[in-house]
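Before any comments, here is the structure.
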Amino acid sequence: MVIGLRPGGQPLVDAVELAEASASAIWHRPRLDLFGVQIDCVDRATAVERIRGFLTAGTPHQVITVNLDFLHKAEHDSEFRATINEADLAVADGMPIVWISRVLGTPLTERVTGVELVEESCRLAAQTGRGVFFLGAGPGVAEAAARRARDRHPGLIVQAYAPPLGPITLDENESTIEMIRKAQPSFLFVALGAPRQDLWIREHRERLGVPVAMGVGCVLDLLAGAVRRAPSWMQATGFEWTYRLMQEPRRLWRRYLLDDLPLFGRLSLMALDEHRAARRLAEQRPGGALG
Ligand code: UDP
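Encoded structure:
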């Protein structure tokens, strides 16, 4: 499988790292290696089943929803890359990733979004009497998202807290962790922006002791109605980003146009190369077209 390149031409992940990562993947969880970033080959139903399993196990688990922007950040940030690769579940939250998986010949069946996983988790929590905690997002957003989640899932126990935007002090960090430990939720959804939210979960997951902790980016804004979700045809055709860009052009133009689009072009070309190389190999094998 092709491995992405670090600036300077070094592979993103060396062969030993990859072998170790994929050894566990082969036996326990099929994963797609997307240029050094491991993504679970799961559809929505299987992802929810996994989450149900984490809940039953009761020990801390981390879930990550990987989109093109995560791949861009992971290419330049080895800690973030390790966080994704060592997560208990990393789903493909973006059509571009599904398309690239198809070109590579190891197709993911569908996109699994953070919004869907949060919704399914809230449903599960309401059914089983488990608690949910929404952490982060702008002033009033997490509370609004919690109110709406309670409306949709009667009986849901959900708490919300938003630390001040931007970097937080050590004291604020400690009191946030303490608040979550006291609440003892079964699900923790963290909206502090990527990669910060995912690194934060990774750093504190053992102390937090939450069975299912997941970074959710703008999901709380969507649930609260502070940001509108793209129409379903845009979601299905991979154009959701254009809708988001129109809503928040100042914040997102650089991310989508300068970072993610060129990366998508580059990854698609690498995937095509990989696909052609695999085909040539197959043709050269005895019994192949050239055999
Ligand atoms: N956010 C936050 N604190 C910060 C930075 C971001 O609570 O210091 C929240 C922000 O209000 C929003 C979410 O993080 O709710 C956005 O995260 P991100 O940009 O990763 O989301 P994406 O746009 O990728 O879905």
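Each residue of the sequence shown is one higher than the one before, counting from 0 in numbering that gives the first Met the number 0. Ideal Cβ positions, reconstructed from N, Cα and C, are used throughout, including at glycine. As the structure is a computational prediction, the values presented were derived from the model and not from experiment.
1. Taking contact to mean at least 3 C-beta pairs separated by less than 8 Å, is the segment 213-220 in contact with the segment 146-157?
2. Distance check for residue 218 and residue 143, CA to CA, integer angstroms please.
3. I need the straight-line Cα distance from residue 271 to residue 74, nearest angstrom please.
4. If contacts are defined as beta-carbon pairs under 8 Å, then residue 59 and residue 209 qualify, I think. What distance do you get, rounded to the angstrom?
5. Identify whether residue 16 lies in helix, strand or coil by the three-state DSSP scheme.
6. Below 8 Å on the Cβ atoms is my guess for residue 268 versus residue 70; work out the distance and round it to an integer in Å.
7. Quick one: grab the DSSP three-state call for residue 183.
8. Cβ atoms of residue 53 and residue 132: under 8 Å apart, would you say?
9. Going by Cα to Cα distance, which pick from 277, 45, 68 is closest to residue 192?
10. For the beta strand (DSSP E) containing residue 193, name the first residue and the last one.
11. I think residue 43 touches residue 111, with their Cβ atoms under 8 Å apart; what is that distance to the nearest whole Å?
12. For residue 137, verify whether its CB is less than 7 Å away from any heavy atom of the ligand UDP.
13. I'd like the list of long-range same chain contacts for residue 286, defined as Cβ closer than 8 Å, with 5 residues on each side in sequence excluded.
14. Scan the segment 104-149 and note each continuous alpha helix (DSSP H) run of 4 residues or more that stays entirely inside, going in chain order.
15. In terms of residue numbering, what span does the alpha helix (DSSP H) encompassing residue 87 cover?
16. Rank 48, 47, 106, 179 by C-alpha distance to the C-alpha of residue 30 and give the top, closest one.
17. In the DSSP output, which residue or residues are listed as bridge partners for residue 188?
18. Using 8 Å as the Cβ pair cut-off and three pairs as the minimum, do the segment 173-188 and the segment 121-135 touch?
19. Are there any heavy atoms of the ligand UDP lying less than 7 Å away from the beta-carbon of residue 224, as far as the coordinates show?
20. Do the segment 228-239 and the segment 247-254 make contact, defined as three or more Cβ pairs closer than 8 Å?
21. DSSP puts residue 31 in a beta bridge; with which residues?
22. Please list, in chain order, all residues of the same chain as residue 88 whose beta carbon is under 6 Å from its beta carbon, the five residues on each side excluded.
23. In the DSSP assignment, find the beta strand (DSSP E) that holds residue 65 and state where it starts and stops.
24. Mind checking which residues open and close the beta strand (DSSP E) that includes residue 159?
25. Is any non-hydrogen atom of the ligand UDP found closer than 7 Å to the C-beta of residue 165, if you look at the structure I gave you?
26. Please name the residue, chosen from 265, 266, 244, that lies closest to residue 256 on a Cα-to-Cα basis.
27. Is it buried or exposed for residue 278, if we count other Cβ within 10 angstroms and need 16 for buried?
28. Would the beta-carbon of residue 32 fall within 8 Å of that of residue 66?
29. Which residue wins for smallest C-alpha separation from residue 238, given the options 90, 95, 77?
30. Considering only residues of the same chain and omitting the five flanking positions on each side of residue 298, which have a CB-CB separation below 6 Å?
31. Under the three-state reduction of DSSP, which class applies to residue 51: helix, strand or coil?
Reading off the structure:
1. no
2. 12 Å
3. 19 Å
4. 6 Å
5. Confidence is the limiting factor: at residue 16 the pLDDT is only 44, short of 50, which leaves the residue's position unreliable and the question unanswerable from this model.
6. Not confirmed; about 14 Å, so no contact.
7. coil
8. no
9. 68
10. Unbroken run through residue 193: none, as it is neither H nor E.
11. 5 Å
12. yes
13. none
14. 113-127
15. From DSSP, residue 87 is part of no alpha helix (DSSP H); its letter is neither H nor E.
16. 106
17. 133, 213
18. yes
19. no
20. no
21. 38
22. 39, 49, 62
23. 61-65
24. 156-160
25. yes
26. 244
27. exposed
28. no
29. 95
30. Shown here, the chain extends from 0 to 290; a query on residue 298 therefore has no answer.
31. helix
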